[in-house]
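**Q** My structure is below; once you've seen it, I'll send some questions.
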Amino acid sequence: MDLAAPLRSTAPANDDPDVALNRAFELSDRGDARAGRALADEALSRARAANDTQRIARALAIIANASRSLADYDRAASAALESVALLQSAGLGYAAAKIDLALVFFDLGDYPRALAHLFEARRDLEQAPDADVDARCAHAEGLVQSRLDEFELAQASFHRALALRHAVRDGAGAGATLNSLGVVQLRMAQHPNANAAASRSAFERALDYFMQARELALQHADARLVLLADINIAGALGGLGCFDEAHERFVALIHTARALGDRHNESLILSNAGEAARRIGRLDHARELGEQALAVAQSTGSKVREREARIELSLTCEALEDYASALIHYKAHHALEREMRATEARRVTQAQ
677 MDLAAPLRST
687 APANDDPDVA
697 LNRAFELSDR
707 GDARAGRALA
717 DEALSRARAA
727 NDTQRIARAL
737 AIIANASRSL
747 ADYDRAASAA
757 LESVALLQSA
767 GLGYAAAKID
777 LALVFFDLGD
787 YPRALAHLFE
797 ARRDLEQAPD
807 ADVDARCAHA
817 EGLVQSRLDE
827 FELAQASFHR
837 ALALRHAVRD
847 GAGAGATLNS
857 LGVVQLRMAQ
867 HPNANAAASR
877 SAFERALDYF
887 MQARELALQH
897 ADARLVLLAD
907 INIAGALGGL
917 GCFDEAHERF
927 VALIHTARAL
937 GDRHNESLIL
947 SNAGEAARRI
957 GRLDHARELG
967 EQALAVAQST
977 GSKVREREAR
987 IELSLTCEAL
997 EDYASALIHY
1007 KAHHALEREM
1017 RATEARRVTQ
1027 AQ
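Here the sequence shown is numbered in our numbering, starting from 677 and rising by one per residue.
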């Protein structure tokens, strides 16, 4: 199977609502959030016409998560809120919808509110236990705890999610959780308080988790998770000082990201490849990669990726003794940082 082959974004040939929803989920989960959301919107209209509560809720969940991928947090929050209200009024379990809502606030950096929604999801799970939803909740809790530097709590949450996913034979979900466990180790390795020995040990553990995640992703033909694991493997190798190998891996991944149509991660890969090239002294190549990363970021409107490209270009231009260009990129990086903080504050207010 060619894992780099892009998913088709056409609607199913028949009118089966579950087929349409499955397709919408597949598209949004594996790289084409815009097409997945459009298909979920169509399914939502049909479910509303049929007054089908379960399918309305599922369509809203897909729309919420696809909207998060598109950084459309207003739409993500409104879809998740509608789903919660709908399920509560119908007397059905609403924990999954609460998790969707929590993840919106996680993306916005409002971690207390994210945890509050996860607490409510846990309360609902006590009334209506569901192993799949429980695993999602534990995984989401780990994400928030990791971002708060509560690494022990995060690892405990991810291990709970992993055990649940193994129990229900959710191999793809287990792969995603292993990848997140690796990310926790990366954060520990890069923490300012970590000494050299602890940092190296954490990088090694991260690499092991990413390799396990990649193996499961391959088994389940999850191209997006394979790509994420490969990016993280290269990053962990860079953390261990293996910059030549990290560079080779990042450069090889550029084609995969392009074939998947994943422009967001294409820019990240190019920036990381540029950093690895800079560290092995290939400065002209590093600058070329950084400029490509910047172009991709600007074409997608991603401020996060543009900021990453700008700071790396600043360091590369400084190493090349092109101080004027280094200063331009450095100033642009800080302007983007200020703009993003202001935008995030507005989004949190709007979502609330």
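The C-beta atom is built at its ideal place from N, Cα and C for all residues, glycine as well. It should be emphasised that the depicted structure is a prediction, and the values quoted were computed from it without experimental measurement.
Locate the alpha helix (DSSP H) running through Tyr-770, then write down its first and last residues.
**A** One-based indexing of the sequence shown puts residue 770 at position 94. Tyr-770 -> no alpha helix (DSSP H), and no H or E assigned at all.
**Q** Could you please give the first and the last residue of the uninterrupted alpha helix (DSSP H) stretch that includes Cys-918?
**A** By one-based count along the sequence shown, residue 918 stands at place 242. Neither: Cys-918 is in no alpha helix (DSSP H) and is coded neither H nor E.
**Q** Can His-815 and Ala-797 be called in contact, C-beta distance under 7 Å?
**A** Mapped onto the sequence shown, residue 815 falls at position 139. Mapped onto the sequence shown, residue 797 falls at position 121. Taking 7 Å as the Cβ cut-off, His-815 and Ala-797 do not qualify as a contacting pair.
**Q** From Gly-851, Asp-806, Ala-807, pick the residue whose C-alpha is nearest to that of Leu-896; which is it?
**A** Within the sequence shown, the letter at position 220 stands for residue 896. Per the sequence presented here, residue 896 reads as His, with Leu not at that position. Selected option, being the one with the closest Cα: Gly-851.
**Q** Who are the Cβ neighbours of Arg-981 in its own chain at under 8 Å, not counting the five residues just before and after it?
**A** Against the sequence shown, residue 981 aligns to sequence position 305. Answer for Arg-981: His-940, Ser-943, Leu-944, Ser-947, Ala-969, Val-972, Ala-973, listed in chain order.
**Q** Which residues in the same chain as Leu-762 place their Cβ atom closer than 7 Å to its Cβ, once the five residues preceding and following it in sequence are excluded?
**A** Along the sequence shown, read from residue 1 onward, the residue named residue 762 stands at position 86. For Leu-762, where only same-chain residues beyond five positions count, the Cβ hits under 7 Å are Thr-729, Ile-732, Ala-733.
**Q** CB-CB under 8 Å to Gly-911, same chain, minus the five flanking residues each way: which ones, in chain order?
**A** Numbered from 1 along the sequence shown, position 235 holds the residue referred to as residue 911. Cβ neighbours of Gly-911 beyond the five flanking positions: Leu-862, Ala-922, Asn-948.
**Q** Mind reading off the beta-carbon distance from Leu-959 to Leu-996? Whole number of angstroms is fine, and I expect it under 8 Å.
**A** If you number the sequence shown from 1, residue 959 lands on position 283. If you number the sequence shown from 1, residue 996 lands on position 320. About 5 Å separates the Cβ atoms of Leu-959 and Leu-996, confirming a contact at the 8 Å cut-off.
**Q** By how many angstroms is the C-alpha of Arg-876 removed from the C-alpha of Ala-882?
**A** Taking the first residue of the sequence shown as 1, we reach residue 882 at position 206. Taking the first residue of the sequence shown as 1, we reach residue 876 at position 200. Taking the straight line from one Cα to the other gives about 10 Å.
**Q** Touching or not, the stretch 787-797 and the stretch 825-833, by the rule of three or more beta carbon pairs under 8 Å?
**A** no
**Q** Closest to Gln-888 by C-alpha separation, out of Ala-874, Asp-938, Leu-857, would be which residue?
**A** On the sequence shown, residue 888 is found 212 positions in, with the first residue counted as 1. That would be Leu-857, whose Cα lies nearest to the Cα of Gln-888.
**Q** Where does Leu-840 land, buried or exposed, given buried means 16+ other C-beta within 10 angstroms?
**A** As a position in the sequence shown, residue 840 is number 164, starting the count at 1. Burial call: buried.
**Q** Give me the Cα-Cα distance between Ala-735 and Gly-712, rounded to the nearest whole angstrom.
**A** As a position in the sequence shown, residue 735 is number 59, starting the count at 1. As a position in the sequence shown, residue 712 is number 36, starting the count at 1. Cα to Cα, the separation comes out at about 10 Å.
**Q** May I have the straight-line CA-CA distance separating Val-820 from Leu-784, to the nearest angstrom?
**A** Here residue 820 corresponds to residue number 144 of the sequence shown, with the count starting at 1. Here residue 784 corresponds to residue number 108 of the sequence shown, with the count starting at 1. Computed Cα separation, rounded: 11 Å.
**Q** Residues in the same chain with beta-carbon distance under 6 Å from Leu-854, minus the five sequence neighbours each way, listed in chain order, please.
**A** If you number the sequence shown from 1, residue 854 lands on position 178. Only Tyr-885, Gln-888, Ala-889 meet the Cβ criterion.
**Q** Ala-1002 and Cys-993 - do their beta-carbons sit closer together than 7 Å?
**A** Mapped onto the sequence shown, residue 993 falls at position 317. Mapped onto the sequence shown, residue 1002 falls at position 326. Yes, Cβ-Cβ distance for Cys-993 and Ala-1002 is below 7 Å.
**Q** Alpha carbon to alpha carbon, what distance is there between Ala-1008 and Ile-987?
**A** Reading the sequence shown from its first residue, position 311 is the one you call residue 987. Reading the sequence shown from its first residue, position 332 is the one you call residue 1008. If I take the Cα positions, the gap works out to 9 Å.
**Q** On a Cα-Cα basis, can you pick out the residue from Ala-726, Pro-693, Ser-822, Ala-804 that is closest to Gly-769?
**A** In the sequence shown, residue 769 corresponds to position 93, counting from 1. The residue with the shortest Cα to Cα distance from Gly-769 is Ala-804.
**Q** Between the beta-carbon of Ala-742 and the beta-carbon of Ala-709, is there less than 7 Å?
**A** Numbered from 1 along the sequence shown, position 66 holds the residue referred to as residue 742. Numbered from 1 along the sequence shown, position 33 holds the residue referred to as residue 709. For Ala-742 and Ala-709, yes; Cβs fall inside 7 Å.
**Q** Where does Ala-747 sit, in a helix, a strand or coil, going by DSSP?
**A** Mapped onto the sequence shown, residue 747 falls at position 71. Coil at Ala-747, not helix or strand.
**Q** In angstroms, rounded to a whole number, what distance separates the CA positions of Ala-807 and Gly-818?
**A** By one-based count along the sequence shown, residue 807 stands at place 131. By one-based count along the sequence shown, residue 818 stands at place 142. When the Cα atoms are used, Ala-807 and Gly-818 turn out to be separated by approximately 16 Å.
**Q** Whose C-beta lies closer than 6 Å to the C-beta of Pro-688 among residues of the same chain, with five residues either side of it excluded?
**A** Here the question's residue 688 lines up with position 12 in the sequence shown. Low local confidence applies: a pLDDT of 46 at Pro-688 is under 50, so the model's placement there is unreliable, with the coordinate-based value given in what follows. The residues are Val-695, Ala-696, Arg-699.
**Q** How big is the Cα-Cα spacing for Cys-918 and Ala-928?
**A** Start at 1 with the first residue of the sequence shown, and residue 918 comes out as number 242. Start at 1 with the first residue of the sequence shown, and residue 928 comes out as number 252. Distance between the alpha carbons of Cys-918 and Ala-928 is about 16 Å.
**Q** Helix, strand or coil for Ser-754? Go by DSSP, reduced to three states.
**A** As a position in the sequence shown, residue 754 is number 78, starting the count at 1. Residue state, collapsed to three classes: helix.
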